[in-house]
Each structure stands twice: as structure tokens, then as C-alpha cells.
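Here's the structure we're looking at; comments come further down.
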Amino acid sequence: MATHHQAQAPAKPDHATFSNYLDVLTTHFDLDWEINWKDQIIGGHVLLEMVVLKQDGVLDEVRLDTRDVSVGDIEVDGVSIKDYKFGERHDAFGSVLHIPIPKTMKYIKDDKLSVKVTYSTTKNCSALGWLTAEQTSGGKHPYLYSQSQAIHARSLFPCQDTPSVKSTYSATVKSTLPVLLSASRISPRPEEPIEPGKDLIVFKFNQPIKIPAYLVAIASGNLAYKAFKGGREGEKGWSTGVWTEPENLDAAHWEFSEDTANFVKAAEKLTGRPYVWGSYDVLLLPPAFPYGGMENPQITFATPTLLAGDRSLVDVIAHEISHSWFGNEIGCADWSHFWLNEGFTTYLERLIMQEVHGPAARGLSYIIGKKAMDDSLKEYEEAKLPRFQRLVVDYHDGEDPDDAFSSIPYNKGANFLLYLEQTMGGLDAFLPYIHSYVDTFAGLSISTEQWREHLYAFWKKHGGHQAIEKLDAVDWDGWLNGEGLKLPVAIEDTYDTSLADLAFDLAARWEHAGSDPAKLSEFKKSDIEKFEGDQTVVFLEKLQSGKKPMGVEAVRRLDEVYGLSKAGNAELSSRFFEIALASGDEYAKDAAHWVTDKGRMKFCRTIYRALFKVTPELAIKTFKAHSGFYHPIARRMIEKDLGLLA
Numbered sequence: 055m056a057t058h059h060q061a062q063a064p065a066k067p068d069h070a071t072f073s074n075y076l077d078v079l080t081t082h083f084d085l086d087w088e089i090n091w092k093d094q095i096i097g098g099h100v101l102l103e104m105v106v107l108k109q110d111g112v113l114d115e116v117r118l119d120t121r122d123v124s125v126g127d128i129e130v131d132g133v134s135i136k137d138y139k140f141g142e143r144h145d146a147f148g149s150v151l152h153i154p155i156p157k158t159m160k161y162i163k164d165d166k167l168s169v170k171v172t173y174s175t176t177k178n179c180s181a182l183g184w185l186t187a188e189q190t191s192g193g194k195h196p197y198l199y200s201q202s203q204a205i206h207a208r209s210l211f212p213c214q215d216t217p218s219v220k221s222t223y224s225a226t227v228k229s230t231l232p233v234l235l236s237a238s239r240i241s242p243r244p245e246e247p248i249e250p251g252k253d254l255i256v257f258k259f260n261q262p263i264k265i266p267a268y269l270v271a272i273a274s275g276n277l278a279y280k281a282f283k284g285g286r287e288g289e290k291g292w293s294t295g296v297w298t299e300p301e302n303l304d305a306a307h308w309e310f311s312e313d314t315a316n317f318v319k320a321a322e323k324l325t326g327r328p329y330v331w332g333s334y335d336v337l338l339l340p341p342a343f344p345y346g347g348m349e350n351p352q353i354t355f356a357t358p359t360l361l362a363g364d365r366s367l368v369d370v371i372a373h374e375i376s377h378s379w380f381g382n383e384i385g386c387a388d389w390s391h392f393w394l395n396e397g398f399t400t401y402l403e404r405l406i407m408q409e410v411h412g413p414a415a416r417g418l419s420y421i422i423g424k425k426a427m428d429d430s431l432k433e434y435e436e437a438k439l440p441r442f443q444r445l446v447v448d449y450h451d452g453e454d455p456d457d458a459f460s461s462i463p464y465n466k467g468a469n470f471l472l473y474l475e476q477t478m479g480g481l482d483a484f485l486p487y488i489h490s491y492v493d494t495f496a497g498l499s500i501s502t503e504q505w506r507e508h509l510y511a512f513w514k515k516h517g518g519h520q521a522i523e524k525l526d527a528v529d530w531d532g533w534l535n536g537e538g539l540k541l542p543v544a545i546e547d548t549y550d551t552s553l554a555d556l557a558f559d560l561a562a563r564w565e566h567a568g569s570d571p572a573k574l575s576e577f578k579k580s581d582i583e584k585f586e587g588d589q590t591v592v593f594l595e596k597l598q599s600g601k602k603p604m605g606v607e608a609v610r611r612l613d614e615v616y617g618l619s620k621a622g623n624a625e626l627s628s629r630f631f632e633i634a635l636a637s638g639d640e641y642a643k644d645a646a647h648w649v650t651d652k653g654r655m656k657f658c659r660t661i662y663r664a665l666f667k668v669t670p671e672l673a674i675k676t677f678k679a680h681s682g683f684y685h686p687i688a689r690r691m692i693e694k695d696l697g698l699l700a
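Be aware that the sequence shown starts at 55, since it is given in this note's numbering, and climbs by one per residue.
This is how it looks when you write it as C-alpha cells:
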């Protein structure tokens, strides 16, 4: 298979890259970095191995994506390029780096070339989060972590920052603290002891599987490792374990050790394809990390809000594991087709839940996801941005993909696939299609149209005329391009509600009680003691979706009986604060205090928005006092939510 097949992008090129990736393509890159803890920058060089795709004539320049990087020397095949220049800066996309090819060097189709850029990141690098020693659990050493999705890799290194381009990479990183990358660490080995903060150590990495730039990830700090049981031995085997600060290692190991290997094995069974990455580790990050998890190859970056103490939130790990097939192996060609990453991943995550815990667990997850999707659809309706309600997003020129980040691609996508599963004859009929999809597109970046063409081709071969009639009856435009608050089909009527019904019944009792002191006194802690974590989430979300906000007395009693404002599970406490803030400002100070150490955008954005509706002054004051805690991505989104950005 040709090394540059993934650049055969859809008819419409990726709007979010300045690179000329359809003319010349990165096939491999090598990073040589040193972490400068004092100045909070990474310096060194990137060496890009490229192949010419341009159909006619000679290649006259290489264009790379950059944002807020400081560039020094540039070489093309060892020849120094002095007349490189940056294009005009774009707020979201950064500045294109024009690297002219000397007229004496003629590169035509299929020729190879190397481009070396010596550079350093800057203080404005949007991919990197730097934490002082005081912001870590141990309190002795600083910490660094990255988050490059969607278009932040260009602030970490000059590159072709589009999911259409996949390449292998290698890296050498010098640091006085342990380093992890989204690659195999060749040396020192994970089990070798390292004394943190003493000597400058050289770490070497290799990633032999092609990935897009946004999956390049780095973390460095006082990190320790502990293996999980249950990996697979042999040539196609894999190991699994957890990395985190030593102070959190035992708690993190306990939280994830029971399920992680089982989730990987379930995903292998459901996709029909072995896990190919060699290792699956979890890095439990400090609280500032802006996402629940990030599917960096071989090492999922995870929020510490998953440490509920009862293993109730490990479904996030099932989601990130599922990305090993959907997103990391089969990826979207550009961010308009992001649902191909997240919709398929969420669909597989819920199949894993069914495989491990039974059909009712899958149904419960769909119910929770539907509420999140409905909230996102409503937000975009209020913001008058119906384009962002679509499964295939129609980005305008210059529009930042981060602006459309929501639960819609996850949940509308997963519901669409559930609908197709039911339409085509159920799971037994649909899984062979999933196997074919994975086998056909593993290693590629594709568009929705390519996905649909394969879907039709598979069912034409395996289902004939009858199957094609079923597909032709699908409201394709409604699912892919539909706007508004409802799905084209009431798929929620088919969810397994057996686990949710108990939660619905309890919510109905609370709604019936209203503010009646006698009825409110009947509720007891035992009401939810036998609930699984997700059942309590469903209960709280049902209360949220009532016709009117709960009364202040009822909110007080809700907290008094179930202790929700101080729950160790952030999924519960955040929903309680949403309910409380909808009723008034009594819990505003508690919510403001709670959000100051929650960097995960699912929680901090939600609570800041809810606070802003009740006490805008407190919301803004709290954020300004703690803005340095948040990752640059989260900081920018909260600023938008609070009206602090023009």
C-alpha cells in the first residue's frame, strides 16, 4: 500500500490547515526536544521526511502550520533556507510557514525530501499546560502536559496539522523529570528507576504506526508506573498499566486495574481486529487537564475526576480504548467529519458496556448521552448556531474546530449507528459490517461520503436488494445535515430502560413532593445506596429536566439526604450544583469554590455558565482569580462563555 494513501482527501480540503498537504506529504518525522522548565518552553528541532504528491511540475515550496513558535534555522535536504517567511497571523490557525525550494533543487511527483526546522515553543503555546510544583499532588516538582486536539499541534512543532496526514514518528527528549510520549519508550525502560529532578536524562521514543499530528502528546513530571494484570503475551501481545504521581499511584491502580484489560479484550472481540499498539497505559493527570480523557496512542491522558473511589466512572477508559480503532486507526479526514471518530467510539464504548455488564448498562449509557446531546443542541439553538447541531459540521472559512466541540458528534453519531444497527437486522447482522469497516479503513483518514460508500458496498454484497432498500429508506440528510432539537427518528424509544426506571421513579417521587416538608422528610440516604453511579446520574438529570426548577427547600433536602455537594464523584456534585443554581444563589459560593480545581471542561464550563446566569459578578471574579489554573484551551472557552472575549 502506498505510503501516502491517506492524503487522498475528500473533494473539499481541510479548512483548518495552511499546509500544502495535497502537494507534499509528511511520512515520518523525528523530534529532538529539550524541556526548559525554568522558561517553560520546549526547544530543539523537527525533521520531516516528506514525499511529493504534486501531479504536474516541480514543488516550489513546503507550507507548514505553526502558531506561536520561534523558528531559527531551516534546511531542505541539508541545504540552508534563508528566505523562509511567515504568513499573516490568524487568531485560530496561527501563521503559515512558507519554506521555498531553491530553483536548483527540483522535486517532482514521488520524489522524497527532508525538511529540518530548528525552533522552540513560546509562552503562548496553546498545546502545553505547565504546572508549578505547588499545583501537583507531591508539591516538589513541576509538571508539563499537552493537549493538541483539534489544531494545537502546530503550537508544539511546525507540521502539517490536519487529520488527513498520518505519519510515523520518533523522538529524543531531554528532561530532568520522567517523560512520556504517545509512543513506545525505548529508553530508559518504564521499569527503570529514575531519580526525579536531579540529572538531565535522555529519553528515546518510537511510534511505528502512522498517526495525525494532533495525537502527538507529551507529559513530564514526577511520574511512577504500576502494571495491571490481564495483558496479552506473544508477538501480537500488549501490556497495560497506569502512570501518575507516586502519591496517587495506589488509588489510580485500584480504580482502573479491574476493568482495563477486559475492556481491551472486549473491543478486540467486537471489532474483529487485535489491539495493535503494543501497550495501553493510562496517565492520570493533575486536575487542570481539560478533558475526561484524550486518546493519545498507547497512553490515554485521563482526568483525576475519574477517581470516584468505587470504579463507577471507568466507562471513560472504555471510550478511550475504543479510540484505538476509531479515531487513531480509522480517522476523520477533517474536523467536519469528527463524528466518524467520536460517534463510532461512543457506539463501541457502549457495546463494551454491554459485553462486560449486560444490555441494561448499554441502555443506561444511551440515556445519559441523550441528555448531554439535548443540552448541546439547546445551547446551539440559543446561540443561533444551527450549523453546529449537524453531524457533519459546515465550518465557515477561518472557524476554529474547538468552537463546535460538544457532545453532538459523540451522541448523535452513536444514536445514528444504533439506528442503522436496528435497521439492518440487529447486532448479530451489524457486527460483521463493523469488522469489514475496520479492516477496510484501518490506517486511513476518511470522509463521511467514503464511509457511506463502503456501507452501501458491504450491504449490497451481503444483503442484496433488500438491504439496499433499507438503506435507501434512511433519512440521510436528516441524520447527517439535520438541525434542530430532535433526531430524525425517536430512537430513544428503543433504549433498554431497566436500570433507569428505578432512577426515574425516585425522581418522580421528588417531583411529587415539591416543597412539602412532610413529603420531603420521607426521603432517606438508602434511596440511592444500591444505585450504580450512572443510575444516580440519571436520577439527577431527570430532576434537571423537570418543568420548573426545584424549590430551595427541596434542593436543601436533596443535599442533606444524599450529600451531593460534597460527593467524591464529580459527575454527581456537578449535576447537583446545576440543579441548585437553577433554583437561586444559595449554593453559588459552594459551586464557585468547587469549580476552582476542576479543569475538565465538562464540569468547569457547565458550572461557570450556570453561575453566570445567577451571579455573573461571582462567576467572573472566581474565574479571574483562578484563570492561571486552567489549560489554555479551557481558559479560552470559559472566557467566551463569560463574555470576556470579543
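Note that the Cβ used here is the ideal one computed from N, Cα and C, for glycine as well.
Item                                                                                                                                                                                      : Value
According to DSSP, is Phe577 helix, strand or coil?                                                                                                                                       : coil
With 16 as the cutoff for other CB atoms within 10 Å, does Lys252 come out buried or exposed?                                                                                             : exposed
Determine the extent of the beta strand (DSSP E) in which Arg239 is found, giving its start and end residues.                                                                             : 238-241
Where Ala70 and Asp93 are concerned, what is the direct C-alpha to C-alpha distance, given to the nearest angstrom?                                                                       : 30 Å
Taking three-plus beta-carbon pairs below 8 Å as touching, is the stretch 169-183 in contact with the stretch 94-104?                                                                     : yes
Between Ala305 and Ile687, what straight-line distance do the alpha-carbon atoms span, to the nearest angstrom?                                                                           : 28 Å
Which residues mark the beginning and the end of the alpha helix (DSSP H) in which Glu301 is found?                                                                                       : Premise fails: Glu301 is in no alpha helix (DSSP H) and is neither H nor E.
In angstroms with no decimal places, state the Cα-to-Cα distance between Trp91 and Ser274.                                                                                                : 10 Å
Whose CA, out of Phe631, His685, Tyr641, Gly638, lies closest to the CA of Thr660?                                                                                                        : Phe631
Measuring alpha carbon to alpha carbon, tell me which of Pro358, Ser333, Gly385 ends up nearest Tyr345.                                                                                   : Pro358
Alpha carbon to alpha carbon, how far is Lys584 from Phe558?                                                                                                                              : 15 Å
Could you check whether the stretch 565-577 touches the stretch 528-546, counting it as contact only if at least three pairs of C-beta atoms, one from each stretch, sit closer than 8 Å? : no
Between Arg239 and Phe259, which are expected to be in contact by the criterion C-beta below 8 Å, what is the C-beta distance as a whole number of angstroms?                             : 6 Å
Tell whether a beta-carbon distance below 8 Å holds between Val112 and Ile162.                                                                                                            : yes
Are the beta-carbon atoms of Val256 and Thr80 separated by less than 8 Å?                                                                                                                 : no
Please classify Phe282: does DSSP put it in a helix, a strand, or coil?                                                                                                                   : coil
Which residues in the same chain as Ser569 place their Cβ atom closer than 6 Å to its Cβ, once the five residues preceding and following it in sequence are excluded?                     : Gly605, Glu607, Ala608
So if DSSP puts Pro154 in a beta bridge, which residue, or which two residues, is it bridged to?                                                                                          : Glu115
According to DSSP, Tyr549 sits in a beta bridge with which residue or residues?                                                                                                           : Partner(s): none; Tyr549 has no beta bridge.
When burial is assigned at 16 or more other CB atoms within 10 Å of the CB, is Glu142 buried or exposed?                                                                                  : exposed
Using the three-state DSSP reduction, which class does Gly97 fall into: helix, strand or coil?                                                                                            : strand
Can the beta-carbon of Phe211 be found closer than 8 Å to that of Phe147?                                                                                                                 : no
For a test of the three-state rule: what should DSSP assign to Pro328, helix, strand or coil?                                                                                             : coil
Rounding to the nearest angstrom, what Cα-Cα distance links Ser311 and Cys386 in this structure?                                                                                          : 31 Å
In chain order, which beta strand (DSSP E) runs of at least 3 residues are fully inside the stretch 159-197?                                                                              : 166-175, 182-185
Can you give me the Cβ contacts of Pro64 inside the same chain, cut-off strictly under 6 Å, excluding the 5 residues immediately before and after it?                                     : Because Pro64 sits at a pLDDT of 47, beneath the cut-off of 50, its placement in the model cannot be relied upon, and the following sentence gives the value as read from the coordinates. Around Pro64: Ala387, Ser501.
On the premise that Ile488 lies in contact with Thr325, defined as a C-beta separation below 8 Å, what is that separation, rounded to the nearest angstrom?                               : 6 Å
Tell me whether the stretch 401-412 and the stretch 282-290 touch, counting them as touching only if at least three CB pairs, one residue from each stretch, are closer than 8 Å.         : no
Can you grab the Cα-Cα spacing for the pair Asp119 / Arg208, in whole Å?                                                                                                                  : 5 Å
Exposed or buried, what is Tyr510 when buried is set at 16 or more other beta-carbons lying within 10 Å of its beta-carbon?                                                               : exposed
Measuring CA to CA, which of Thr477, Phe355, Glu301, Val410 is closest to Gln203?                                                                                                         : Phe355
Under a three-way DSSP split, which group does Asp141 fall into?                                                                                                                          : Note on residue identity: the sequence assigns Gly, not Asp, to residue 141. Gly141: coil per DSSP, three-state reduction.
Note down, in chain order, each residue of its chain lying with its Cβ closer than 7 Å to the Cβ of Ala642, except the 5 sequence neighbours on either side.                              : Leu635, Leu665, Val668, Thr669, Leu672
DSSP three-state call for Ile384: helix, strand or coil?                                                                                                                                  : strand
Can you tell me where the beta strand (DSSP E) holding Ile255 begins and where it ends?                                                                                                   : 255-265
For Glu246, count neighbouring Cβ atoms within 10 angstroms of its own Cβ and tell me buried if that reaches 16, exposed if not.                                                          : exposed
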